[in-house]
Structures are given as C-alpha cells and as structure tokens.
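Read top to bottom, the protein sequences are chains A and B. If you're matching positions, the first sequence starts at 98 in the working numbering and goes up one per residue. If you're matching positions, the second sequence starts at 853 in the working numbering and goes up one per residue. Even for Gly, the Cβ is constructed at its ideal location relative to N, Cα and C. Since this is a predicted model, take the numbers as computed values, not measurements.
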Amino acid sequence: MRILVSAIAGLLFGLGLVVSGMADPAKVQNFLDPFGAWDPSLAFVMLGAIVVTFAGYRLAFRRGRPLLADTLSLPSKTDIDVRLLLGAGLFGIGWGLSGFCPGPAIVSLPLLATGTLVFVPAMLTGMLLARALQNRPRGSAKRAEAAGN
Amino acid sequence: MPATPFTPIESLLGGALIGAAAVILMLLLGRIAGVSGILGRLLPPYGEPGVGGAAAFIAGLVAAPVLYTAATGLAVQQTVSGNLPLLAGAGLLVGFGAILGGGCTSGHGVCGLSRLSARSLVATLTFMATAFLTVLVVRHVLPGAD
C-alpha cells in the first residue's frame, strides 16, 4: 500500500512538472533571466504548489499521525549553518547553468535528450560525493545525527 | 536558448498537482516530497527506511511524461543544452549542493516553505539568488558560455 501511494505521488508530481512546463530547462532558465526572454511561469508553479501544500499540511499536522505510517517524518534540523548556505549556493549555480533541478531531470529521463543522460549520472555522482563528505568518520558523526539523516 | 511562452494557467495547474503529490505523501505516509532526499534514499550508504517507497516515487516520476503523451497525444516540449561538459559540471553541482544543503527546489522550496521552515526559506532565497546571478553572468556578462 505504501509503495502504491508513493508511486501515485511520484506520478502526480511528474505530471505536475510536465503540465507546468518545468520539464523544459529553457523555461526554467527564462524564469531566471528577467533581463532577457523572461518567462514568469515558474512563479505560478511555486504559487500553485505552495497554496495546495500549505493547506494540506495544516490538515496533516492537525491530525498528527499519517494514515499509513506511525509518525510524521519531518526534518529535525533547524540550524542555519555553512553547509546549508554553501549547499544551496552551489545548487543554485548548477540549476542556473543547466535549467535542471533533481525532479525535472528525473522526469526528463524517458525523453532521452543527450544532455539529460549526461546530467543525471553527474547529479547522482555529486550526491554520492556529498554523502561521502558527510559520512567522514571524524567530527561528522554528531552532525549527521543532528540532521536526522 | 529560445524564448518560451508565459503559461500561467498550465503552471498553476501543474503546481497544484505537485502540491497534491506533496500532500498525499504527508497525509498518508508522513513524508516530505523532496526529490533529492528521495533520490538520496536510493543511494549508498543505505540504512534509511522507505527504500521501496522511494523507488516507487522515482518510477512514478519517470512514467509521467510517457503516460502524459500516451493520454494526450502531445509531445513534452523541451530544449536541453547540447553543451555536455557544462551539463556534467552543472549536474555535479546540483547533486552535491542538494545533499549538502539538505534539499532542493521541491524539499526546501515547496515543502519547507509550506512548513514555514526558516531553514528552508534561507536555502530557497540562497539558491534562487545564485541561480539568478548565474544566468545573468552566462547570458549577459559572458554571452555564448551556455
């Protein structure tokens, strides 16, 4: 049942990216280019997504316990540290260069553009490198625990 | 890069679908719909719960454009850069940054902002700022680089 729910959520998420045009890196990059061929569509995607999520989350948090699991698995980390700023900063540079973030890149896989087939393995490699960095034995054990990873 | 049409209605609708997916995951499974976090659960070192659910979510993502085209007869419009070294470098940055920063556009930008998380707000403002700056530099300061 959990597998089915996850698959349906992934499908809806992917259809949302396709319908909104966010599977097109050109559309994303044009949002990031107010001095060029500006396309404000991405702001409307965020608006639609956040309005629905905010309302649905209030319902889920008031209920307290999910329907098919024991607890809400919410991120426990609250500190704004160097890792957050550096990670988000680097992420934004890569996002701007390519027009791809993880969701749209995965959704684009079956479209088989050569660029996507280069981007996705590179992205997974980047994730593994960050994981390796976070799992260094000395000094990082405490932080990994705090991150709730 | 070509100009792209402004599509407020389709974008609002698509955004609402993304929101519906996030709500389903939270209401039924108590999980954040962060794509980088979900992908991370499929990568070593393992040991996090929910690997099956993560794989099913990613399978749903990959199936989406195929089912969309089958159902509507419409191809998914997309222009991906042909600069492969640039895409490889960008992919490394996106993957590394998403794990180091604890989330991406969906986890911080949609789910985190909806939880009113200050951490996610800072992350979202940071990656938006560097993304805007990157496109500004690539398209207007060093044109031809993309």
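Residue 223 of chain A is positioned such that its CB atom lies closer than 9 Å to that of residue 951 of chain B.
Contact fails between the region 897 to 908 of chain B and the region 153 to 162 of chain A, because fewer than three Cβ pairs, one in each stretch, are under 8 Å apart.
Of the other Cβ atoms in all chains shown, 16 or more fall within 10 Å of the Cβ of residue 115 of chain A; this residue is therefore buried. Annotation: Cβ neighbours of residue 228 of chain A in chain B (cutoff 9 Å, chain order): 892, 895, 896, 897, 951.
Contacts between residue 922 of chain B and chain A, judged by CB atoms closer than 8 Å, are missing: the closest CB pair is about 11 Å apart. Per DSSP, reduced to three states, the secondary structure at residue 963 of chain B is helical.
Per the coordinates, the alpha-carbon of residue 921 of chain B lies some 30 Å from the alpha-carbon of residue 189 of chain A. Boundaries of the alpha helix (DSSP H) harbouring residue 180 of chain A: 179 to 195, taken from the DSSP string. Chain order gives no chain A residues near residue 994 of chain B, where near means a beta carbon separation below 8 Å; the closest approach is about 12 Å. At the C-beta level, residue 125 of chain A and residue 196 of chain A come within 9 Å of one another. Sequence-ordered contacts of the region 896 to 920 of chain B with chain A read 896, 897, 900, 901, 902, 904, 905, 906, 907, 908, 909, 910, 911, 912, 913, 914, 915, 916, 917, 918, 919, 920 [C-beta pairs closer than 9 Å]. Out of B:955, B:929, B:914, the CA that lies nearest to the CA of residue 886 of chain B is found in B:955.
Neighbours of residue 170 of chain A across chain B, judged by C-beta separation under 9 Å: 881, 882, 883, 884, 901, 902.
DSSP places residue 889 of chain B inside the alpha helix (DSSP H), whose first and last residues are 887 to 892. Nearest CB-CB separation between residue 925 of chain B and chain A: not below the 9 Å threshold. In terms of Cβ geometry, residue 946 of chain B and residue 202 of chain A form a close pair [threshold 9 Å]. Contact between residue 912 of chain B and residue 108 of chain A holds: their C-beta atoms lie close to 4 Å from each other, under 8 Å. Close CB contacts of residue 907 of chain B within its chain, under the 8 Å cut and outside five residues either way in sequence, are with 894 (chain order). Residue environment: residue 127 of chain A is assigned as buried (16 or more neighbouring CB atoms within 10 Å of its CB, all protein chains considered). Straight across, the Cα-Cα distance linking residue 154 of chain A with residue 891 of chain B is about 22 Å. Here residue 939 of chain B has 933 as same chain residues with Cβ atoms under 7 Å from its own Cβ, once five neighbours each way along the sequence are excluded. According to the DSSP assignment, residue 979 of chain B belongs to the alpha helix (DSSP H) that extends over 970 to 988.
Of B:924, B:855, B:872, the smallest CA-CA separation from residue 151 of chain A is found for B:872. When secondary structure is reduced to three states using DSSP, residue 900 of chain B falls in the coil class, being assigned neither helix nor strand. By the C-beta criterion, the region 855 to 863 of chain B is judged to be in contact with the region 141 to 149 of chain A, since at least 3 inter-stretch pairs fall below 8 Å.
Per DSSP, the unbroken alpha helix (DSSP H) holding residue 863 of chain B starts and ends at 860 to 876.
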